[in-house]
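Peer 1: A single structure is presented below for examination.
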Amino acid sequence: MIDREKTSQLYDRYSRQLYIYIYGFVRSSETAEDLLHDTFVRFIEYSAKRAIDEANLKSLLYTIARNICIDYQRKSGKILFVALDDGLQELMAEDASDEIGLRETNRIVNAVVQKSDHVTRSVFIMKSDMQMTYRDIGESLGISERTAKRKMSAILTRIADALRENGLLAALLFFWH
Amino acid sequence: MKRHCTNKQLARLLSGDDGQTRSAAMSHLGLCAECRERHEKMRSILANRPAPPDMPGPGLKIRVMNSYDEIYSREMGASVLKKLYGMTHAYKKPAAVFSVLVAAVGIAFSIGIIQPVSYSAPFTVRMLRGDVTVNDATVAENDTIAPGGALRLGPKSCLELRHSNIFMLRLSGDCVFSIDKARRSITDAYVFSFRLDRGTLVSRFTHGGYTVRYDYTTPRARISATGTDFLLGVEPDKTTLMMREGSVRVMPVSGDAVDAVAGTVYTVSTGIMSRPIDERDIRGYNAVMGLENGIAPSTGPSRAVLPGVPRAAFREGPPSDNAGDTVSNDNGQGPEARQRKDDRQRERSGIRENVREQRELQRDIRGRERGRYK
């Protein structure tokens, strides 16, 4: 089992990154705190049963955090972000006032992210919210750098398409091609 | 590339994903202001993401480390069980025999063939002055104090505890005292364990007929003995032991144990220091025993006279100069004769008390035996 001092060091080193990562999933700071705690608890329990490979520590922590987020969403039985359709309807309603701001754009982005698979979602959160390099993302998620880039490219395309499909881009912001 | 860039092409450029059309898209961006603008705006989506929240406070780390401690203790317990299981698995036959024996002993206990080796021996409050609480509840005379009771005496308070006729304990002043263990086995052995965190006490056990084992634990030392009479005082930085009779073993928190002998005062602080008992010590003893203010202990176990110290110094009851005031019809007897008479009366009273308590004890044992063979 991992010793106490090591656990304390790991918390100091990874808690901030993990917290932002989890927050990217749940969008609630209180829930993110609880899930970060659960992440470490599950990690400690895991270490009591199996030997921890130092090289894969970071990847293990992110995997546990991601699984905890998935479990949480499954158990809570609700969509944590604004659903894509709802978000866009809201966006259309506000379109008339020509005051579509950054908040609404982010709402659509979040809705698209929410609909993505967990790995893609992780890549997006790590790249956009945590400013990680693709190499770090790949190491953290246990995927190749190339795969991380492809996942990011795919989700950016979906975001652009979502904005375009709602006819917002021509009038407001981005893409209509 | 003459056509405008697709969203996919722009996304690839942003993500750094190398596709076949990447170089063509890059060259198109250099020529097409419209696509360049779309590319910049798409980049702004990533740049303008909401800032992540502040990190949780140190409370979360404390929660995590507390959880670590819980898991650690749980896992260590499970590990011991696992090892035991492994041992029993490795030695199946002996383990089976052992299990049968354990089960047989359990059944014997449950149907009364075998009696438990000991039972709890409560203490009775025989004398009380001032404010005394046990586990935060107020204490009154004749209350019984069970093992586990934590006594607190206010300043200028005193209390006498008795168990049958074999043990008397007098606590005095601002005291914090607890009874950790008080048992009597069916072989007539008594086992007591106390803790004195603050204050002063006099402890007295009888001789003969009983086997008594007891320990007093203080912040600085442990006192272990059988059947003796001493005063024990605890202050924050030292423990003082005044041996009146018998001998005890003093085990300091650090350093070697010492066998304390009668007529000596031992002070345990960073080390152990000893000196002969002097008049001031005797006054202290008498103060705790209530001999200076007329609060004499109830008849207690027999006492011995400290070697080298006059018996009168430890005499119980009011001082002799007060005795003359209380005795009016002594037919002109002198103070010494009156004192002898008082002693005789006290002795007779003590014998009566002893007999009564012995009968109570015998009744108690008979009751238990009846219960055993029901």
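Chains A and B supply the protein sequences, listed in that same order. With the working numbering applied, the first sequence corresponds to residues 243 to 419, in that order. With the working numbering applied, the second sequence corresponds to residues 873 to 1246, in that order. Note that beta-carbon positions come from the ideal geometry of N, C-alpha and C, so glycine has one too.
For residue 908 of chain B, which residues from the same chain have a beta carbon less than 6 angstroms from its beta carbon, with the 5 sequence-adjacent residues on both sides left out?
Peer 2: Walking along the second sequence from the start, residue 908 of chain B turns up at place 36. Answer for residue 908 of chain B: 901, listed in chain order.
Peer 1: For residue 917 of chain B, go through chain A and note every residue whose CB falls closer than 7 angstroms to its CB, in chain order.
Peer 2: Sequence index remark: in the second sequence, residue 917 of chain B carries index 45 (1-based). Within chain A, the residues 347, 351 and 401 have their CB atoms less than 7 angstroms from the CB of residue 917 of chain B, given in chain order.
Peer 1: Where does residue 1134 of chain B sit, in a helix, a strand or coil, going by DSSP?
Peer 2: To locate residue 1134 of chain B, count along the second sequence from 1; it is residue 262. Reduced to three states, the DSSP call for residue 1134 of chain B is coil.
Peer 1: Looking only at DSSP bridge pairs, what is residue 1119 of chain B linked to?
Peer 2: Counting from one through the second sequence, the residue named residue 1119 of chain B turns up at place 247. DSSP links residue 1119 of chain B through a beta bridge to B:1133.
Peer 1: State the Cα-Cα distance for the pair residue 1124 of chain B and residue 1034 of chain B, rounded to the nearest angstrom.
Peer 2: Locating residue 1124 of chain B in the second sequence gives position 252, where the first residue counts as 1. Locating residue 1034 of chain B in the second sequence gives position 162, where the first residue counts as 1. Their backbone Cα atoms lie some 27 angstroms apart in a straight line.
Peer 1: Helix, strand or coil: which one does DSSP assign to residue 1011 of chain B?
Peer 2: Along the second sequence, read from residue 1 onward, the residue named residue 1011 of chain B stands at position 139. The three-state reading of DSSP puts residue 1011 of chain B in coil, since its state is none of H, G, I, E or B.
Peer 1: Could you tell me which of B:1025, B:933 and B:1088 sits nearest to residue 1051 of chain B, measuring between CA atoms?
Peer 2: As a first step, residue 1051 of chain B must be located in the second sequence, where it is residue number 179. Closest by alpha carbon: B:1088.
Peer 1: Looking at chain B, is there any beta carbon in it that lies within less than 7 angstroms of the beta carbon of residue 293 of chain A?
Peer 2: By one-based count along the first sequence, residue 293 of chain A stands at place 51. Chain B, which has no Cβ nearer than 7 angstroms to the Cβ of residue 293 of chain A, makes this no.
Peer 1: Can you check whether the CB of residue 886 of chain B is closer than 7 angstroms to the CB of residue 897 of chain B?
Peer 2: Taking the second sequence and counting its residues from 1, the one referred to as residue 897 of chain B is at position 25. Taking the second sequence and counting its residues from 1, the one referred to as residue 886 of chain B is at position 14. No; because the gap between Cβ atoms is not below 7 angstroms, this pair is not in contact.
Peer 1: I'd like to check one pair, residue 353 of chain A with residue 1250 of chain B: are the Cβ atoms closer than 7 angstroms?
Peer 2: With chain B running from 873 to 1246 in the structure shown, residue 1250 of chain B is simply not present.
Peer 1: Would you please state the rounded distance, in angstroms, between the beta carbons of residue 281 of chain A and residue 262 of chain A? I believe it to be under 8 angstroms.
Peer 2: Indexing the first sequence from 1 puts residue 281 of chain A at position 39. Indexing the first sequence from 1 puts residue 262 of chain A at position 20. About 13 angstroms separates the two Cβ atoms, so there is no contact after all.
Peer 1: Which residues in the same chain as residue 433 of chain A place their Cβ atom closer than 6 angstroms to its Cβ, once the five residues preceding and following it in sequence are excluded?
Peer 2: With chain A represented from 243 up to 419, any question about residue 433 of chain A goes unanswered, as that position is not in the structure.
Peer 1: Would you kindly work out how many angstroms separate the C-alpha atoms of residue 397 of chain A and residue 267 of chain A, rounded to a whole number?
Peer 2: The sequence position of residue 397 of chain A within the first sequence is 155, counting from 1. The sequence position of residue 267 of chain A within the first sequence is 25, counting from 1. Approximately 15 angstroms between the Cα atoms of the pair.
Peer 1: Give me the Cα-Cα distance between residue 305 of chain A and residue 382 of chain A, rounded to the nearest whole angstrom.
Peer 2: Indexing the first sequence from 1 puts residue 305 of chain A at position 63. Indexing the first sequence from 1 puts residue 382 of chain A at position 140. Distance between the alpha carbons of residue 305 of chain A and residue 382 of chain A: 8 angstroms.
Peer 1: Judging by CA-CA distance, which residue of A:405, A:317, A:257 and A:356 is the nearest neighbour of residue 372 of chain A?
Peer 2: Stepping through the first sequence from its first residue, residue 372 of chain A is reached at position 130. Looking at the Cα atoms, A:257 is the closest of the given residues.
Peer 1: Leaving out five residues before and five after residue 384 of chain A in sequence, what residues of the same chain have Cβ atoms less than 6 angstroms from its Cβ?
Peer 2: On the first sequence, residue 384 of chain A is found 142 positions in, with the first residue counted as 1. 301, listed in sequence order.
Peer 1: Quick one: complete alpha helix (DSSP H) runs, 4+ long, within the region 289-320 of chain A?
Peer 2: Whole alpha helix (DSSP H) segments, 4+ residues: 299-318.
Peer 1: Counting only beta-carbon atoms, is residue 889 of chain B nearer than 7 angstroms to chain A?
Peer 2: On the second sequence, position 17 is the one that residue 889 of chain B refers to. It does; some Cβ of chain A falls within 7 angstroms.
Peer 1: If you follow the beta strand (DSSP E) that residue 1101 of chain B is in, where does it begin and where does it stop?
Peer 2: Stepping through the second sequence from its first residue, residue 1101 of chain B is reached at position 229. Counting along the chain, residue 1101 of chain B sits inside the beta strand (DSSP E) bounded by residues 1101-1107.
Peer 1: What residues from chain A crowd round residue 1115 of chain B, counting only those whose CB sits closer than 8 angstroms?
Peer 2: Within the second sequence, residue 1115 of chain B is the residue found at index 243, counting from 1. In chain order: nothing, as chain A lies at least about 46 angstroms away.
Peer 1: Less than 6 angstroms between C-beta atoms, sequence neighbours within five positions excluded: which residues of the same chain meet that for residue 1235 of chain B?
Peer 2: Residue 1235 of chain B sits at position 363 when you count from the first residue of the second sequence. Correct list: empty, nothing qualifies.
Peer 1: CB residue 1092 of chain B to CB residue 1102 of chain B, shorter than 7 angstroms?
Peer 2: Position 220 of the second sequence, counting from 1, holds the residue named residue 1092 of chain B. Position 230 of the second sequence, counting from 1, holds the residue named residue 1102 of chain B. No, Cβ-Cβ distance for residue 1092 of chain B and residue 1102 of chain B is not below 7 angstroms.
Peer 1: According to DSSP, is residue 389 of chain A part of a helix, a strand, or is it coil?
Peer 2: Taking the first residue of the first sequence as position 1, residue 389 of chain A is located at position 147. In the structure shown, residue 389 of chain A sits in a helix (DSSP, three-state: H, G or I).
Peer 1: Please list the terminal residues of the continuous beta strand (DSSP E) segment that includes residue 1005 of chain B.
Peer 2: Stepping through the second sequence from its first residue, residue 1005 of chain B is reached at position 133. Element bounds for residue 1005 of chain B: 1004-1006.
Peer 1: Against chain A, with Cβ distances strictly below 7 angstroms, would residue 898 of chain B count as a contact?
Peer 2: In the second sequence, the residue the question calls residue 898 of chain B occupies position 26. Output row for residue 898 of chain B: interface = no.
Peer 1: Is there a Cβ of chain B sitting closer than 7 angstroms to that of residue 370 of chain A, yes or no?
Peer 2: The count along the first sequence starts at 1 and reaches residue 370 of chain A at position 128. Interface residue, yes.
Peer 1: Against chain B, with Cβ distances strictly below 7 angstroms, would residue 263 of chain A count as a contact?
Peer 2: Reading the first sequence from its first residue, position 21 is the one you call residue 263 of chain A. Judged by the 7 angstroms Cβ criterion, residue 263 of chain A is not in contact with chain B.
Peer 1: Between the C-alpha atoms of residue 269 of chain A and residue 355 of chain A, what's the straight-line distance to the nearest angstrom?
Peer 2: Numbered from 1 along the first sequence, position 27 holds the residue referred to as residue 269 of chain A. Numbered from 1 along the first sequence, position 113 holds the residue referred to as residue 355 of chain A. Going by the C-alpha atoms only, they are around 12 angstroms apart.
Peer 1: With which residues is residue 922 of chain B paired in a DSSP beta bridge?
Peer 2: Here residue 922 of chain B is taken as the residue at index 50 of the second sequence, counted from 1. Paired residues: none, contrary to the question.
Peer 1: Would you please verify whether the beta carbon of residue 421 of chain A is less than 7 angstroms from any beta carbon of chain B?
Peer 2: This structure leaves residue 421 of chain A out entirely; chain A is present only between 243 and 419.
Peer 1: Here's the rule I'm using: 16 or more other beta-carbon atoms within 10 Å means buried, otherwise exposed. How should residue 934 of chain B be labelled?
Peer 2: The count along the second sequence starts at 1 and reaches residue 934 of chain B at position 62. By the neighbour-count rule (16 or more Cβ atoms within 10 Å), residue 934 of chain B is not buried but exposed.
Peer 1: Mind checking if residue 398 of chain A is an interface residue toward chain B, Cβ cutoff 7 angstroms exclusive?
Peer 2: Mapped onto the first sequence, residue 398 of chain A falls at position 156. With 7 angstroms as the cut-off, residue 398 of chain A counts as an interface residue toward chain B.
Peer 1: Which value, in whole angstroms, describes the spacing of the CA atoms of residue 390 of chain A and residue 374 of chain A?
Peer 2: On the first sequence, position 148 is the one that residue 390 of chain A refers to. On the first sequence, position 132 is the one that residue 374 of chain A refers to. So the two alpha carbons sit approximately 11 angstroms from each other.
Peer 1: Assuming residue 1104 of chain B and residue 1068 of chain B form a contact by the criterion Cβ under 8 angstroms, report the distance between their Cβ atoms to the nearest whole angstrom.
Peer 2: For the purposes of this step, residue 1104 of chain B is identified with residue 232 of the second sequence, where counting begins at 1. For the purposes of this step, residue 1068 of chain B is identified with residue 196 of the second sequence, where counting begins at 1. The Cβ separation is near 6 angstroms, so the contact holds.
Peer 1: Less than 7 angstroms between the C-beta atoms of residue 1072 of chain B and residue 1029 of chain B, yes or no?
Peer 2: Position 200 of the second sequence, counting from 1, holds the residue named residue 1072 of chain B. Position 157 of the second sequence, counting from 1, holds the residue named residue 1029 of chain B. It is not a contact, given that the beta carbons lie outside the stated cut-off.
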